[in-house]
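Single-structure report; data block below.
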Amino acid sequence: MRPLRIQLIFEPASAEEFLRLGRLAEELGFDAAWTANHPAARDPFLTFCLLARESSAIRVGPVAISPFELHPLKMANSLLTLNEFAGGRASLVVGGGGGTTIAMHLKAGRASMFPRMVHGVRECVQFLRLAASGEPVDHRGELFQVDGYHARWAAAQPAPLVYVGATRAQMLRMAVEVADGVMFSDLTAGRLAETMQIVADALPRRERPGRPRLNNLYAWHVKRDRAEAAAEARRKLWVRGMVGRWYIEPFLEPAEVALVENNMAGIIRAYVEDRPDIDDLPAALVDKLVEELTFCGDHGDIDRAVERCLEFKAAGIDELALRLYDDPEESIRLIAATLGPEL
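Following this line, the structure appears as C-alpha cells:
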C-alpha cells in the first residue's frame, strides 16, 4: 500500500511569505504546497514563482482554477510558466467554478452549475495535457477552441500534474478518466466507501496508465489553545463542503440536517464577517460539524487526527492536503512533528 503523503494548502499571501513557508515545508520533507484561488487574492501562479525558483523538491500550484473563469489557453500559459520556474514541479487543480466565478457574475451562487460543466472541465484537462507536450495543438472542443497553440519551450520540463477538484459522482468519474489526480474536498469518513466505489467503477474507462492520485483536502485547526482552534474552525465552517446535505447527512440526525439547512445564513455570515459566533444554531450542533468536517483541537487531540488519517489511507487515499489558516508556520512544524510528511 502506498504511503499517505501529507501536503499543505497555504492561505493566499505574498510571494515572499510563500517562499518562507515553502522552504520550511521542503526542509521538513513535505512534497507539495498549494494555495487557494480567492477572488481578490494575489495571482496564485505568480505568488509561487519565487518558491518554485528557490526550491528543488516541493511541488507547487493553485487550488482550484475553472476554465469558465480562465480560458484553457491562458491557464496553460500560466501553468507552464510556473512549471518552467519549478523545473517540472508545478501542479494545478482544475475545478468547475466557485467563489471567483460568482464574484464575476458568471454564475448565481454555490449551488448553480455551468451548462455542461463536467464536459468543460474535461476539455480543459485534455488541452492542458496536449499543451504541455510542446507539440502543435489545434483543439476543437465543443466548449473551448484553440488554434495554432505550440509551446515548444514547455517540453524542456517534465509535464505538470493536472488534478480535477471532484467529490460528486459525475465530475469524479470524468476526473478518474482523464486527470493525473483527483482532489476531493472535505471528504468525511461517512462518504469514503461510496466515493472509492465510484473511483473503482470509473477506472476501466481511464485514458491514462495507472490509477490517478487521490487527494483529500481537509482543514487543519489544531493549536496549542483549544478555544482558539475551535474559534478558527467556526469562522471557516461554511467552506467545508458548503456544509451541504451530502456532507453532513452521514453524521447528523435528520432534524439536525434540517436545522443546519434552515439556518445556513448564520454560517455564511460568520465566514463573511470572519467571526466565530454562528447565529441560530446550538453550540453542540456547531461543535459536531466542526468535529466531523475538520481536524480541530489542541495538541492532545493529535492521536484522533492520526486515527482519521489512517482511515483515509486504508480506504485508498494517497495524499492529504491540509488547509492551513492562522499561524501557518506553527502548524507546519506541528504537522511535521506529529503526522510527518508521510504516514
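Note that numbering that gives the first Met the number 0 has the sequence shown beginning at 0, numbered continuously upward.
Quick reminder that beta carbons are idealized off the backbone N, C-alpha and C, glycines included.
DSSP state of residue i mapped onto helix, strand, coil
i, result
"Q196", "helix"
"D137", "strand"
"G189", "helix"
"A158", "coil"
"R4", "strand"
"Y148", "strand"
"I64", "strand"
"G270", "Looking at the sequence itself, residue 270 is Tyr, so the reference to Gly does not match. It is helical."
"S90", "strand"
Short Cβ contact (8 angstroms threshold) for residue i with residue j
i, j, result
"L7", "I331", "yes"
"V161", "V124", "yes"
"H117", "M170", "Before going further, note that residue 117 is Val rather than His in the sequence given. It is a contact, given that the beta carbons lie within the stated cut-off."
From the options, residue whose alpha carbon lies closest to that of residue i
i, options, result
"L49", "A35, A40 and G86", "G86"
"H70", "L127, H149 and R190", "L127"
"C295", "G180, A269, Y324 and T100", "Y324"
"D279", "K287, D273, G265 and A269", "G265"
"D276", "S77, L78, A153 and K235", "K235"
"L191", "R58, I316, E341 and R303", "I316"
"V175", "W219, V120 and G140", "V120"
"E10", "W237, S54 and A218", "A218"
"P203", "T187, V177 and F183", "V177"
"P327", "E16, I5, L3 and P2", "E16"
"P43", "E53, W237 and T80", "T80"
"Y270", "M241, Q169, F311 and L284", "M241"
"E329", "R1, A201, R4 and L27", "L27"
Residue i classed as buried or exposed, judged by whether at least 16 other C-beta atoms fall within 10 angstroms
i, result
"P157", "exposed"
"M173", "buried"
"K73", "exposed"
"N318", "Contrary to the premise, residue 318 reads as Glu rather than Asn in this sequence. Label assigned to E318: buried."
"S13", "exposed"
"P253", "exposed"
Rounded straight-line distance, which links the Cα of residue j to that of residue i
i, j, result
"A232", "R207", "38 angstroms"
"S132", "A155", "9 angstroms"
"E25", "N261", "44 angstroms"
"A63", "V289", "23 angstroms"
"E122", "F143", "7 angstroms"
"H298", "I57", "27 angstroms"
"G209", "D179", "9 angstroms"
is_contact[residue i, chain D] using C-beta, thresh 8 angstroms
i, result
"P71", "Note that chain D does not occur in the displayed structure, where there is just one protein chain."
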